[in-house]
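Undergrad: Numbering (the UniProt record's numbering), first residue to last: 1 to 635.
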C-alpha cells in the first residue's frame, strides 16, 4: 500500500518540533554548552573589530557572527541558540522525507523520516544552544535538490548556494561539495553537461562563501583560518613524546606541519580513524555516542545498512562479482595481517569488497541515489585525517545510512522473513521489528536527555549513580516506576555561582579563572580558561593563577579558549577570581595523549581553612553539593 497523503511527513515534523520545543525550554534552562558560549564570544569580538586577535580552531566565523547579531537584536543568546538548533533539526526531519521520496516510494520515505526523527543524537543536538545543526540543515537541504531525478541548472545553483552558506558556519560543507562534484562528473556519459554542472556548482559555492574567504585572507592572510595541528594534537590516538612536543611548538608558532612531521605516525592515526574510530560513531563499535538505529547495541546497525546497500546495488552472483569479492577480501585480510591490526582494521574487510562491488555495479544504482552513496565514501576518506570527537559531526552522512536501513526494512526483511512463513506473517514481524527499533530509540533518547540535562551524582567509587547512571535494561525499566526526588538540572550551579559573581563591583571588567565558560556568561565577566593542568609541579597557587611558569602552549591554549579570545597574547590577563572544583576521575575517551603530571596540586583550595591558601585569597562561596569554591584574588 502506497502512502499517498502528505499529511504524515508534516505530522512527523510538527511532532518532532513540538516535543523538543517542550524539552528545550522546560528541561534545559541553564547554558552549560561550552562551545555555544565560546562561539558567541568569538562573534562578538569579530563584530567589535578584534578579529585579528581571534581564532576559531575548528569552525569559521559565520555561525558565531550570526548568533551574535541575532542575540543583539532579540536578546537572550541562550534562547536564540536553542531556537536555531531546533529549527535546524526540524528542517532536517522535514527535508529527509522529500529527499528519500525523490528516489524511492512513500513507504520508504516515511520510514526513513521516522528513523531520522527518532535519532537520539539529532534530538539532543536540536535542543542545545550550539551552532552544529544549522550547517547540517543547509547541507541536507542541498541534497534535496541534488537528488532530483532530472537535474536542472537551477537545482545545481540552489544546491551550491546552500553549501556555500553551510561552509560559512562549518567547514565540513567543503567535503560535501567535493562529493557532489564527483557525482556530477560520473553520473552519466554526458561529459560536457556534467563538467558544466561541476563548474556551475563550484562557482556558486565560491561566490556565496567569498565573504568568509575574503575576511580570512585580509585579516589573517589565509583562506581557511582553522588549525588542523591543534585538532590533531588534542585528539590523535597515537602520539609520541617527540611528536607531541614538536606539534605543540608548531601550534604556538602557527606552523602547519603535524601531518608531515612524522608521516608514518600520521598514517597510523589516519587508518585507525578511517577503519575504527569514525565508523564507530556511525555504527557503534564501542561507544554510546553514535548514530546507529540500534544505538545501544554494538555492530547491529550495520546489518540494515549493508543489507539495504546490497539490495540497491542489485548484485548478481556472476563470475566477475564473485572474483572481485573474494580477491578484495583476501587481499584486505592479507594486508591487515601483514602491516595492520585485525582488532582495529577489521571493518575494512567488509567495506573494501562492498566498495568494489559498488563500482562494478554502478549502473544498477538509481542515478539520484548515487550522490548519497558517493557522499559517505568521500566524507570518511577526508574527515579521517582526524578522529571525530562526537557523533553529530557525522550527521551529514546520516541520511545515507537511514535510507539504506529503510530500504532494508521495507524491501529486504519481508522477503527474507517470507521464507520462514507466509507473506502476511513476514509483514507483521517486520512491523514489530520496526516498532522495536523506534521504541529502543525512544528509551535511548530518554536516558541521553536525562544524562545531559540533569546532574549525575558521583558515588564513593567515582561512578555515575545519579541521573546519568546506567543500571542495565531491567534496572532502567524498574526505575521508571520508582518514586525519586526531583533531580537538579545540569548547569543550575553554574548560574548560581555566576549570579553571586555578578554582584561583585566591576565584575564586567574582571577575569574569572576556571574551566567552565558558563560562570563568566552568567556573571557577565571575562574569562580565563584553565584545565588546572598547567605550570610547574612545585608552583605556588599565586604562581599558578598568574601563569608565571605556564608553558607557551598552555598560555596559548588558555588564551584561545578564554573570553575575550586573545590569540596574540595582547591582554596579558590576570585572574581576579578563581573557581575551583574537585578534578574529575577521568576526562572520557576524547583526549588520547595523557600529559605527564608536572602541574601543581591545587586541591588544598577545596578546604578554605587550609593555612597554605594565600592570604590574598578571599572565600566568596563554597557549595556543599559540588564542593565548588569561589575565591576573590586581591592584587
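The beta-carbon is built from N, C-alpha and C at its ideal position, and this holds for glycine as well.
Ends of the beta strand (DSSP E) at residue 186?
TA: Within the chain shown, numbered from 1, the residue matching residue 186 stands at position 186. It is not in any beta strand (DSSP E) - residue 186 instead sits in the alpha helix (DSSP H) that spans 172 to 186.
Undergrad: Residue 249 to residue 553, Cα distance in whole Å?
TA: As a working mapping, residue 249 is identified with position 249 in the chain shown. As a working mapping, residue 553 is identified with position 553 in the chain shown. Distance between the alpha carbons of residue 249 and residue 553 is about 7 angstroms.
Undergrad: Look up residue 622 in the DSSP assignment and say whether it is helix, strand or coil.
TA: Locating residue 622 in the chain shown gives position 622, where the first residue counts as 1. Three-state DSSP puts residue 622 in a strand.
Undergrad: Can you tell me whether residue 497 is buried or exposed, with buried defined as 16 or more other CB within 10 angstroms of its CB?
TA: The residue given as residue 497 occupies position 497 in the chain shown. Burial call: buried.
Undergrad: In or out: residue 195 buried (at least 16 other Cβ within 10 Å) or exposed?
TA: Along the chain shown, one-based indexing puts residue 195 at 195. With fewer than 16 Cβ atoms within 10 Å of its Cβ, residue 195 is classed as exposed.
Undergrad: Could you check the C-alpha separation between residue 168 and residue 58 for me, to the nearest Å?
TA: Position 168 of the chain shown, counting from 1, holds the residue named residue 168. Position 58 of the chain shown, counting from 1, holds the residue named residue 58. Roughly 12 angstroms separates the two Cα atoms.
Undergrad: I need the DSSP call for residue 389, collapsed to helix, strand or coil.
TA: The count along the chain shown starts at 1 and reaches residue 389 at position 389. In this structure, residue 389 counts as coil in the three-state DSSP scheme.
Undergrad: Within 10 angstroms of its Cβ, does residue 112 collect 16 or more other Cβ (buried), or is it exposed?
TA: As a working note, residue 112 is residue 112 in the chain shown. That one is buried.
Undergrad: Could you check if residue 126 is buried or exposed, using at least 16 other CB atoms within 10 Å of its CB as the buried criterion?
TA: Residue mapping note: residue 126 aligns to position 126 of the chain shown, counting from 1. Buried.
Undergrad: Just to confirm, is the Cβ distance from residue 396 to residue 172 under 8 angstroms?
TA: Taking the first residue of the chain shown as 1, we reach residue 396 at position 396. Taking the first residue of the chain shown as 1, we reach residue 172 at position 172. Yes, Cβ-Cβ distance for residue 396 and residue 172 is below 8 angstroms.
Undergrad: Under the assumption that residue 609 contacts residue 634 (Cβ atoms under 8 angstroms), give the Cβ distance between them as a whole number of angstroms.
TA: Here residue 609 refers to the residue found at position 609 of the chain shown. Here residue 634 refers to the residue found at position 634 of the chain shown. Not quite, the Cβ-Cβ distance comes to about 18 angstroms (not below 8 angstroms), so this is no contact.
Undergrad: Within the same chain, show all residues whose beta-carbon is closer than 6 angstroms to that of residue 374, passing over the 5 residues directly before and after it, in chain order.
TA: Here the question's residue 374 lines up with position 374 in the chain shown. Excluding positions up to five away in sequence, the list reads 179, 182 and 183.
Undergrad: Near residue 307, what residues of its chain come up, given a Cβ to Cβ distance below 7 angstroms and the 5 sequence neighbours on each side ignored?
TA: Walking along the chain shown from the start, residue 307 turns up at place 307. Once the five neighbours on either side are set aside, the close Cβ partners of residue 307 are 408 and 412.
Undergrad: Give me, in chain order, the residues of the same chain whose beta-carbon lies closer than 8 angstroms to that of residue 278; leave out the 5 immediate sequence neighbours on both sides.
TA: For the purposes of this step, residue 278 is taken as residue 278 along the chain shown, with counting starting at 1. Here the set comprises 380, 383, 384, 387, 388 and 394.
Undergrad: Residues in its own chain within less than 7 angstroms of residue 139 by CB, not counting five upstream and five downstream?
TA: As a working note, residue 139 is residue 139 in the chain shown. Cβ neighbours of residue 139 beyond the five flanking positions: 163, 166, 173, 176 and 396.
Undergrad: Just how far apart, CA to CA, sit residue 60 and residue 621?
TA: Position 60 of the chain shown, counting from 1, holds the residue named residue 60. Position 621 of the chain shown, counting from 1, holds the residue named residue 621. Answer to the nearest angstrom: the Cα atoms are 38 angstroms apart.
Undergrad: Residue 348 lies in the beta strand (DSSP E); which residues open and close that run?
TA: Taking the first residue of the chain shown as 1, we reach residue 348 at position 348. No beta strand (DSSP E) contains residue 348, which is instead part of the alpha helix (DSSP H) from 348 to 360.
Undergrad: What do you get for residue 187, buried or exposed, if any count of 16 or more other CB atoms within 10 angstroms of its CB means buried?
TA: Locating residue 187 in the chain shown gives position 187, counting from the first residue. Buried is the call here.
Undergrad: Taking the straight line between their C-alpha atoms, what separation do you get for residue 564 and residue 220?
TA: Taking the first residue of the chain shown as 1, we reach residue 564 at position 564. Taking the first residue of the chain shown as 1, we reach residue 220 at position 220. Roughly 18 angstroms between the two C-alpha positions.
Undergrad: Where do the N-terminal and C-terminal ends of the alpha helix (DSSP H) with residue 86 fall, by residue?
TA: Walking along the chain shown from the start, residue 86 turns up at place 86. Run containing residue 86: 77 to 101, per the alpha helix (DSSP H) assignment.
Undergrad: List the endpoints of the continuous alpha helix (DSSP H) containing residue 430.
TA: For the purposes of this step, residue 430 is identified with residue 430 of the chain shown, where counting begins at 1. Unbroken alpha helix (DSSP H) run through residue 430: 423 to 453.
Undergrad: Quick test of your reading: residue 525 and residue 507, contact by CB under 8 angstroms. State the CB separation rounded to the nearest angstrom.
TA: Counted from its first residue, the chain shown places residue 525 at position 525. Counted from its first residue, the chain shown places residue 507 at position 507. Correct: roughly 5 angstroms between the Cβ atoms.
Undergrad: Check each candidate in 490, 629 and 118 and name the one with the smallest Cα separation from residue 32.
TA: For the purposes of this step, residue 32 is taken as the residue at position 32 of the chain shown. Considering only alpha carbons, the answer is 490.
Undergrad: What does a CB cutoff of less than 7 angstroms around residue 108 pick up in its chain, not counting 5 residues either side in sequence?
TA: Taking the first residue of the chain shown as 1, we reach residue 108 at position 108. Excluding positions up to five away in sequence, the list reads 100, 406, 407 and 410.
Undergrad: Going by DSSP, name the residue or residues bridged to residue 514.
TA: Your numbering for residue 514 matches position 514 in the chain shown. Its beta-bridge partners are 529.
Undergrad: Beta carbon of residue 157, beta carbon of residue 200: below 8 angstroms?
TA: Translated into the one-based positions of the chain shown, residue 157 becomes position 157. Translated into the one-based positions of the chain shown, residue 200 becomes position 200. In this structure, residue 200 lies closer than 8 angstroms to residue 157 by Cβ.
Undergrad: Going by the beta-carbon positions, is the gap between residue 293 and residue 437 smaller than 8 angstroms?
TA: Your numbering for residue 293 matches position 293 in the chain shown. Your numbering for residue 437 matches position 437 in the chain shown. It is a contact, given that the beta carbons lie within the stated cut-off.
Undergrad: Quick one: is residue 245 buried, meaning 16 or more other Cβ sit within 10 Å of its Cβ, or exposed?
TA: Start at 1 with the first residue of the chain shown, and residue 245 comes out as number 245. When all chains shown are included, residue 245 counts as exposed.
Undergrad: Three Cβ pairs or more, each shorter than 8 angstroms: is that satisfied between the region 531 to 538 and the region 34 to 49?
TA: Cβ pair count under 8 angstroms is below three, so no.
Undergrad: What's the gap between the Cα of residue 625 and the Cα of residue 581?
TA: Position 625 of the chain shown, counted from the start, is the residue given in the question as residue 625. Position 581 of the chain shown, counted from the start, is the residue given in the question as residue 581. Going by the C-alpha atoms only, they are around 11 angstroms apart.
Undergrad: Can you find a heavy atom of the ligand SAM that lies under 7 angstroms from the Cβ of residue 582?
TA: Inclusion of the ligand SAM in the displayed structure is not the case, the ligand content being empty and no account of it being possible.
Undergrad: Over the uninterrupted alpha helix (DSSP H) stretch that includes residue 7, give me the two end residues.
TA: As a position in the chain shown, residue 7 is number 7, starting the count at 1. First-last of the alpha helix (DSSP H) with residue 7: 7 to 26.
Undergrad: Which residues mark the beginning and the end of the alpha helix (DSSP H) in which residue 638 is found?
TA: In the structure displayed, the chain extends from 1 to 635; residue 638 sits before or after that span and is not available.
Undergrad: Quick one: what does DSSP say residue 374 is sitting in, helix, strand or coil?
TA: Here the question's residue 374 lines up with position 374 in the chain shown. Residue 374: helix per DSSP, three-state reduction.
Undergrad: So who's on the other strand from residue 578, going by DSSP bridges?
TA: Counted from its first residue, the chain shown places residue 578 at position 578. Note: residue 578 sits in a beta bridge opposite 513 and 631.
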